[in-house]
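Data first, discussion second: the structure below is written as structure tokens.
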Amino acid sequence: MFGRDKPQVLVVGAGPVGLFTALTLARRGIKIRVVDEGWRTAAHSYALALHPSSLRLMDELKIADDIIAQSYIVRKVGLYEGNERRAEIDYSDLDGANNYVAVLPQSKLEEILETALETSGVPVKWNHRVSHVEPGNEHVDVTIDRMTMESLGYAVAHTEWIVASSNKYEMPFVVGADGHTSMMRRSLGIEFENAGRTRYFAVFEFKTDFDLGGEMRVVLGERTTSVLWPLPGGFCRWSFELTDFTVPPASRAKDRFLIQKEELPETSHENLAHLLSVRAPWFTGSIDRVDWRTVVRFEQRLATRFGSGRVWLTGDAAHMALPVAVQSMNVGFSEGRRLGNDMADILKDDGDLSSLADFGSDCLEEWRLLLGLEGSVSPVADAAPWVRKHARRLISAVPASGPDLERVLARVGLSVISPESSIST
Numbered sequence: 003m004f005g006r007d008k009p010q011v012l013v014v015g016a017g018p019v020g021l022f023t024a025l026t027l028a029r030r031g032i033k034i035r036v037v038d039e040g041w042r043t044a045a046h047s048y049a050l051a052l053h054p055s056s057l058r059l060m061d062e063l064k065i066a067d068d069i070i071a072q073s074y075i076v077r078k079v080g081l082y083e084g085n086e087r088r089a090e091i092d093y094s095d096l097d098g099a100n101n102y103v104a105v106l107p108q109s110k111l112e113e114i115l116e117t118a119l120e121t122s123g124v125p126v127k128w129n130h131r132v133s134h135v136e137p138g139n140e141h142v143d144v145t146i147d148r149m150t151m152e153s154l155g156y157a158v159a160h161t162e163w164i165v166a167s168s169n170k171y172e173m174p175f176v177v178g179a180d181g182h183t184s185m186m187r188r189s190l191g192i193e194f195e196n197a198g199r200t201r202y203f204a205v206f207e208f209k210t211d212f213d214l215g216g217e218m219r220v221v222l223g224e225r226t227t228s229v230l231w232p233l234p235g236g237f238c239r240w241s242f243e244l245t246d247f248t249v250p251p252a253s254r255a256k257d258r259f260l261i262q263k264e265e266l267p268e269t270s271h272e273n274l275a276h277l278l279s280v281r282a283p284w285f286t287g288s289i290d291r292v293d294w295r296t297v298v299r300f301e302q303r304l305a306t307r308f309g310s311g312r313v314w315l316t317g318d319a320a321h322m323a324l325p326v327a328v329q330s331m332n333v334g335f336s337e338g339r340r341l342g343n344d345m346a347d348i349l350k351d352d353g354d355l356s357s358l359a360d361f362g363s364d365c366l367e368e369w370r371l372l373l374g375l376e377g378s379v380s381p382v383a384d385a386a387p388w389v390r391k392h393a394r395r396l397i398s399a400v401p402a403s404g405p406d407l408e409r410v411l412a413r414v415g416l417s418v419i420s421p422e423s424s425i426s427t
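With my numbering, letter number 255 in the sequence shown gets 257, and the count goes up by one each step, no holes.
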């Protein structure tokens, strides 16, 4: 499968974080391979938001311009408590370049990353899955299966994926970026512990004439959080947290996180109008065409460790967070940058395995703060009452990460009390 050019790092998973980590390694001159058991990148173009810090990382890899050219640029965040506008965060106040959030379809982001990888001589091996991992002191034994679709001889046409071939390899390093169901995490015996209650959001993407003027809006209710994202082409996405939602029995066995798109009361046009009238009466725009509506389940989870030795996790393979601030993916980019550079340093004899252990402990500290398990967010002396009331929620409601998050929270009167280490360094 890999020919004579023996890879130094295997990246498992070709989502945004896996592709970014692979590109980081490739730009350092490391021989890498990327495998994914899927047959292509994201089918549904679910819109993603890249934080300012992530855009700076993309700029390091010379792909920020391509991303920005296909994005809707968000320069401000409007914070609401119920119907009242309480504060505004302006990203232009941040230090450095690319001080805005870029919103674009996941498929576009993955296309840009995959194209950059191919230009670097690294094609993604789709339909390939890792079926066995055995870490060792000098290398990692890996078995990779090539999957193929086979038609079975039933009366009704039926196809399923089968293993066409299997090969064993010795890899100096392996990166597990294979999502929330991570085989890499499970193969290492790492627990994926609950870090908060499961939430359900009704999500609607539709065309509207409402002018958001480059602003994303967050609405904090007594028991719910709702978020409005502007999208390219005059579209927007509303996500409304649901209370007392019960998963329909027909959906439970199909997908743990995306409730099926059959008509549900929560995704009806009538409920969309009701939610807008109750939670955001200031939204007076039209609902011209609803392109997507569904209920999504969001779990909050954190791996008990990020890896060991020569096998390490990043992105959703190690953590899951609420969707409002899009933190799991964006912090995953910072993880991928550091992990890729640490591995490159080791392979070039400029570092040792202890740097990876430091990476793992720093990641855990970062995420225990973001998920509210450790550290704290403290209102300053003159913080407004609404800030004091929602202090803990705001850390996961503002689209920012790393040092930027502390700066934007300071603008609304919050001080982040966290461990000294940071994965962004």
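Note that the Cβ used here is the ideal one computed from N, Cα and C, for glycine as well.
Closest by C-alpha distance to residue i, when choosing among the options
i, options, result
"valine 229", "Arg281, Ile34, Ala66 and Trp240", "Trp240"
"proline 234", "Cys365, Ala319, Val105 and Arg88", "Val105"
"arginine 339", "Trp231, Gly15 and Phe22", "Phe22"
"aspartate 246", "Thr226, Leu375 and Ala386", "Thr226"
"valine 19", "Glu112, Ile32, Ile70 and Asn85", "Glu112"
"leucine 266", "Gly309, Val221 and Phe203", "Phe203"
"valine 124", "Phe208, Arg199 and Lys8", "Lys8"
"asparagine 1", "Arg413, Asp384 and Thr316", "In the structure displayed, the chain extends from 3 to 427; residue 1 sits before or after that span and is not available."
"glycine 15", "Asp180, Asn273 and Gly191", "Asp180"
"proline 325", "Lys110, Glu301, Gly309 and Phe308", "Glu301"
"tryptophan 284", "Ser417, Ala346, Ser133 and Arg219", "Arg219"
"glycine 191", "Ile75, Ala319, Ala385 and Glu62", "Ala319"
"asparagine 169", "Val132, Thr200 and Arg199", "Val132"
C-beta atoms of residue i and residue j nearer than 7 Å
i, j, result
"glycine 415", "proline 137", "no"
"glutamine 108", "tyrosine 48", "yes"
"valine 328", "proline 401", "yes"
"valine 103", "alanine 51", "yes"
"arginine 58", "alanine 346", "no"
"leucine 12", "valine 176", "yes"
"serine 403", "serine 184", "no"
"glutamate 207", "tryptophan 294", "yes"
Neighbour-count burial assignment, residue i, 16 or more Cβ in a 10 Å radius
i, result
"asparagine 343", "buried"
"valine 382", "exposed"
"serine 167", "exposed"
"alanine 99", "exposed"
"alanine 118", "buried"
"histidine 130", "buried"
"isoleucine 164", "exposed"
"glutamate 116", "buried"
"methionine 186", "buried"
"histidine 276", "exposed"
"serine 288", "exposed"
"arginine 42", "exposed"
"serine 279", "exposed"
"threonine 26", "buried"
"arginine 254", "With a pLDDT of 36 at arginine 254, under the threshold of 50, the predicted position of this residue should be treated as unreliable, and no value is reported."
"threonine 150", "exposed"
Own chain partners of residue i with C-beta closer than 6 Å, once the 5 adjacent residues on each side are dropped
i, result
"proline 174", "Gln10 and His141"
"arginine 88", "Leu81 and Trp388"
"valine 135", "Val144 and Ser189"
"aspartate 92", "Lys78"
"arginine 370", "Glu376"
"arginine 148", "His130, Ala166 and Ser167"
"leucine 222", "Glu83 and His392"
"serine 426", "Residue confidence for serine 426 is low, a pLDDT of 48 falling below 50, so the modelled location carries little weight and cannot support an answer."
Element boundaries [beta strand (DSSP E), containing residue i]
i, result
"threonine 139", "Correcting the residue identity first, residue 139 is asparagine in this sequence and not threonine. It is not in any beta strand (DSSP E) - asparagine 139 carries neither H nor E in the DSSP assignment."
"glutamate 272", "Element bounds for glutamate 272: not the beta strand (DSSP E) but the alpha helix (DSSP H), 271-281."
"glutamate 217", "217-222"
"alanine 305", "291-305"
"aspartate 38", "34-38"
"valine 19", "Valine 19 -> not in any beta strand (DSSP E); alpha helix (DSSP H) instead, spanning 18-29."
"alanine 197", "194-209"
Element boundaries [alpha helix (DSSP H), containing residue i]
i, result
"asparagine 343", "329-349"
"phenylalanine 361", "356-372"
"isoleucine 70", "66-71"
"isoleucine 114", "108-121"
Spatial neighbours of residue i in its chain, beta-carbon cut-off 8 Å, leaving aside the 5 residues before and after
i, result
"glutamate 193", "Ala305 and Thr306"
"valine 433", "This structure does not reach residue 433, given that the chain is present from 3 up to 427, and the question cannot be answered."
"arginine 390", "Pro381"
"leucine 355", "Gly311, Arg312 and Ile348"
Beta-carbon proximity list for residue i, same chain, < 7 Å, skipping 5 on both sides
i, result
"leucine 341", "Thr23, Val177, Trp314, Thr316 and Phe361"
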